[in-house]
Amino acid sequence: MLGITQTTNKTTLLRYLALPQPEDKVQCMYIWIDGTGENLRAKTRTVDFVPKQATELPIWNFDGSSTGQAEGHNSDVMIHPVALFKDPFRGNNNKLVLCETYRHDGAVHPSNKRNSCNQVMQKAKGFEPWFGIEQEYTLLDTDLHPFGWPKNGFPGPQGPYYTGVGANNVHGRDIVESHYRACLYSEIKISGENAEVMPAQWEFQVGPCEGISMGDHLWVARFLLHRVAEDFGVVVSFDPKPMPGDWNGAGAHANYSTKEMRAPGGMKAMVEAIERLGKRHAAHIRAYDPNGGNDNRRRLTGRHETSSIDNFSYGVAHRGSSIRIPRQCSDDGCGYIEDRRPSSNCDPYSVTEMLVRTTCLNETD
Amino acid sequence: RYLALPQPADKVQCMYIWIDGSGENLRAKSRTVDFTPKSPKELPIWNFDGSSTGQAEGHNSDVMIHPVALFKDPFRGGNNRLVLCETYSHDGTVHRTNKRHSCNEVMQKVKDQHPWFGIEQEYTLQDTDLHPFGWPKNGFPGPQGPYYTGVGANKVYGRDVVEAHYRACLYSEVKIAGENAEVMPAQWEFQVGPCEGIDMGDHLWLARFLLHRVAEDFGIVVSFDPKPMPGDWNGAGAHTNYSTGAMRQPGGMKVMIEAIEKLGKRHASHIRAYDPHGGADNKRIDKFSYGVAHRGSSIRIPRQCSDEGCGYIEDRRPASNCDPYSVTEMIVRTTCLGETD
Chain A
1 MLGITQTTNK TTLLRYLALP QPEDKVQCMY IWIDGTGENL RAKTRTVDFV
51 PKQATELPIW NFDGSSTGQA EGHNSDVMIH PVALFKDPFR GNNNKLVLCE
101 TYRHDGAVHP SNKRNSCNQV MQKAKGFEPW FGIEQEYTLL DTDLHPFGWP
151 KNGFPGPQGP YYTGVGANNV HGRDIVESHY RACLYSEIKI SGENAEVMPA
201 QWEFQVGPCE GISMGDHLWV ARFLLHRVAE DFGVVVSFDP KPMPGDWNGA
251 GAHANYSTKE MRAPGGMKAM VEAIERLGKR HAAHIRAYDP NGGNDNRRRL
301 TGRHETSSID NFSYGVAHRG SSIRIPRQCS DDGCGYIEDR RPSSNCDPYS
351 VTEMLVRTTC LNETD
Chain B
1 RYLALPQPAD KVQCMYIWID GSGENLRAKS RTVDFTPKSP KELPIWNFDG
51 SSTGQAEGHN SDVMIHPVAL FKDPFRGGNN RLVLCETYSH DGTVHRTNKR
101 HSCNEVMQKV KDQHPWFGIE QEYTLQDTDL HPFGWPKNGF PGPQGPYYTG
151 VGANKVYGRD VVEAHYRACL YSEVKIAGEN AEVMPAQWEF QVGPCEGIDM
201 GDHLWLARFL LHRVAEDFGI VVSFDPKPMP GDWNGAGAHT NYSTGAMRQP
251 GGMKVMIEAI EKLGKRHASH IRAYDPHGGA DNKRIDKFSY GVAHRGSSIR
301 IPRQCSDEGC GYIEDRRPAS NCDPYSVTEM IVRTTCLGET D
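As they're listed, the protein sequences go chains A and B. The numbering of the first sequence is full-length UniProt numbering, which starts it at 1 and goes up by one. The numbering of the second sequence is full-length UniProt numbering, which starts it at 1 and goes up by one.
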């Protein structure tokens, strides 16, 4: 057993999970994003019915002083259910409930990025904005060294690991497999997976999702990943540059299109959008990680298939550019664009909102 | 393999459960009966050797256990039952360690006020060396911050115990209302309620039994000690949420404040009742205070109740190892029966 995790016997757990659950008792696990803008928190309540929609569930609250979201003397932060998913851990009728945070006085909490994203998506509904995000991440042992790497050491240089197979090429595939199945069960729009360039690094893709559901599906997919990996005693890191040096960083490339871009001749709209994005590069960079661009600074060096953080560029099939136009779309004269700038720990609500503001609502600096 | 063996329909295992002389530990033993009991009254009074549980002297050690509540047995399944009991001395007097009896009398007296309770039971998981589960051996995890309601292998330890316990409680029809990971890593909380009257103590003690028994299956120890790790690590409490019918009605805030003021006049008496050692386990601040949404106060009025002008109050003083019979009895004596010091 690698690392220093103490594990619990899963066979024992299964015996308990096999106990029948009363039909009128449903566990609802409320999930929210905490004050870091990148970590998830969750707690459960029993309800006496099977909810069909998030709005049927009560507003709840938690102690925000423990999550970087409030002071101790006035610490209740409210959580409003916004999306429901089947719970792959508890099964039966149990649910995962994605929530937005609000202050007690009803004001949107400063850490709540979904609210304004949703408003923007409502405004831009006519554009039918679709997204697909390629979420990269790294598996770490509980000593925070990458999972499967030699202790106090490093594997051989990058090359054989990307989409690899074999015990010396990929580490932790069981987590990937379990996560994929859990996402499919919960009806998260997971569209694929692959092993990435750095060993113990993986990627899954979520989409195509329209509007607000991109952020919702990606956040729940992240929650499922943390929770699945927890069952394996392995840690998931969404840090954009977990290993300094000649090791790839992790991004969240955001593929994006509007109805116009997808229609024949859409290339014109694609190029217009890219030009608008080019004029707001710094503003987008600030929105593309939870620390105003500082996390991404470690990743976007211009090496390891990244663009440089200070310069905006685009090109067809060019993995060193900020925005890449896939070769196929170039051939077809329409399709979608790939914004390669968002960091793996970005907030997808902030990223998708910014893309729509700049390219649909024509906002400028 | 063995639990898959069919059990004769007319042979039912009844596990009698009681609280021992420590006031915080549970004991249990089983007997086979020839029928499926529907009510605890149908089951015989039994007894045990009280000299082994701090409840009697050796020369006259039979302590009687009277069944008072029945629950489905999630470990043995089928028709088997868990039987919560009260202890009595052989001469029929209430045993000195039996806190349920007087609680029940008090709850009967105030039946018409419909006192409801919900208790937030905190606890710590420990390895068999009694170091918190998941903590590095001979060491400590990083400071508190990331663990409360956390997810991830480096944020929470022992979730399987929590999941198994929750399902066992639901199966046994214990009124478990929720769970969350707590501020200290390996610390968790579950909530039981809303329960009326005597049910609060019954359901909480049963839930504690289920937790010890589930964790036993995982080779993990459960501690209800209110301060398991000295230093900059959270302690564990059993915050008790409470309301009467009058508090829950529109305008109930007036009744809530009256109750809080009565509680304020008896702070020391309540503190003595809020752990099994007369207050010694529960070294809290000596001053009584209350406030809306204020987690540093003795009694907290939830923000929502403040807004709505009615609801419930949260007494944050009980220790995690309190006896819920003693706590609920004391609250009712002070606020419904108007008892004073």
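Where is the CB? At the ideal position from N, CA and C, for every residue including glycine. Predicted model only: the values in this text are computed from it and were never measured.
Check: Hey, how far is the Cα of A/P51 from the Cα of B/L84?
Finding: 34 Å
Next item on the list: Using a Cβ cut-off of 8 Å (strictly closer), state whether B/I301 contacts chain A.
Entry: no
Checklist line | Buried or exposed (CB count within 10 angstroms, at least 16 for buried), B/Y2 | finding: exposed
Next item on the list: Identify every residue that forms a DSSP beta bridge with A/S321.
Entry: Answer by DSSP bridge pairing: none, since A/S321 is not bridged.
Check: Would you report the Cα separation of A/D87 and A/I325, rounded to the nearest angstrom?
Finding: 37 Å
Next item on the list: Could you check what DSSP says for A/N39 in three-state terms: helix, strand or coil?
Entry: coil
Item checked: Test: A/L2 CB closer than 8 Å to a CB of chain B -> Residue placement at A/L2 cannot be trusted, given a pLDDT of 38 that sits under 50; what the coordinates show is reported in the next sentence. By this cut-off, A/L2 is not an interface position.
Note to self: I need the DSSP call for A/F147, collapsed to helix, strand or coil.
What the structure shows: coil
Checklist line | the stretch 324-340 of chain B contacting the stretch 261-281 of chain B, beta-carbon criterion three pairs below 8 Å | finding: yes
Next item on the list: For the beta strand (DSSP E) containing B/N180, list its first residue and its last residue.
Entry: I176 to A181
Notebook entry, point to check: Name the chain B residues that come within less than 7 Å of A/D216, Cβ to Cβ?
Noted result: Chain B residues near A/D216: none, gap ~17 Å exceeds 7 Å.
Notebook entry, point to check: What is the rounded straight-line gap between the Cα of B/M256 and the Cα of B/A69?
Noted result: 31 Å
Next item on the list: Look up A/M1 in the DSSP assignment and say whether it is helix, strand or coil.
Entry: Confidence at A/M1 is low in this model, with a pLDDT of 34, below 50, so the placement of that residue is unreliable and no value is reported for it.
Check: Between the stretch 210-232 of chain B and chain A, which residues of the former have a C-beta closer than 8 Å to a C-beta of the latter?
Finding: V214, D217, F218, G219 and I220
Note to self: Just to confirm, is the Cβ distance from A/M354 to A/A269 under 8 Å?
What the structure shows: no
Check: If you drop the 5 nearest sequence neighbours on each side, which residues of the same chain put their C-beta closer than 6 Å to that of B/N98?
Finding: E86 and T87
Checklist line | Residue nearest to A/H284 in terms of C-alpha spacing, selected from A/D310, A/K241 and A/P240 | finding: A/D310
Check: Between B/L5 and chain A, is there a C-beta pair that is closer than 8 Å?
Finding: no
Notebook entry, point to check: So with Cβ pairs under 8 Å, would you call B/A207 a contact of chain A?
Noted result: no
Next item on the list: List the whole-angstrom C-beta distance separating B/F35 from B/V63, where the pair is believed to meet the contact cut-off of C-beta under 8 Å.
Entry: Rounded, the Cβ-Cβ distance is 26 Å, inconsistent with contact.
Item checked: Residue from A/Q21, A/E56 and A/V77 with nearest C-alpha to A/L84 -> A/E56
Check: Would you call B/R96 buried or exposed, if buried means 16 or more other Cβ atoms sit within 10 Å of its Cβ?
Finding: exposed
Checklist line | Extent of the continuous beta strand (DSSP E) to which B/I198 belongs | finding: Unbroken run through B/I198: none, as it is neither H nor E.
Next item on the list: At 8 Å on the CB atoms, spell out the chain B contacts of A/L67, in chain order.
Entry: The sequence given here has Thr at residue 67 of chain A, not Leu. The contacting residues are Y148 and T149.
Item checked: 6 Å CB neighbourhood of B/G21 in its chain, flanking five on each side removed -> T53, G54, Q55 and T97
Check: Of the choices A/Y180, A/W60 and A/E100, whose alpha-carbon is the least far from that of residue 366 of chain A?
Finding: The structure shown does not extend to residue 366 of chain A, since chain A is modelled only from 1 through 365, so no value can be given for it.
Check: In chain order, what residues of the same chain lie with their CB nearer than 8 Å to the CB of B/G58, ignoring the 5 residues before and after it?
Finding: S51
Next item on the list: List the endpoints of the continuous beta strand (DSSP E) containing B/T124.
Entry: W116 to Q126
Next item on the list: For A/S321, count neighbouring C-beta atoms within 10 Å of its own C-beta (all shown protein chains included) and say buried if the count is 16 or more, exposed if not.
Entry: buried
Margin query: So with CB distances below 9 Å, who are the chain A contacts of B/D127?
Written below: Q6
Next item on the list: Check whether the Cβ of B/F288 lies closer than 8 Å to any Cβ atom in chain A.
Entry: no
Check: Within the chosen definition, does the stretch 301-321 of chain B reach the stretch 266-279 of chain B through at least 3 CB pairs nearer than 8 Å?
Finding: yes
Item checked: Inter-residue Cα distance where the pair is A/Y161 and A/M198 -> 6 Å
Check: Is the beta carbon of A/F131 less than 8 Å from the beta carbon of A/Y256?
Finding: yes
Item checked: Assigned secondary structure, B/H165 (DSSP; H/G/I helix, E/B strand, else coil) -> helix
Next item on the list: Spatial neighbours of A/E128 within its chain, please: CB distance less than 7 Å, with the 5 preceding and 5 following residues excluded, ordered by chain position.
Entry: E210, T258 and K259
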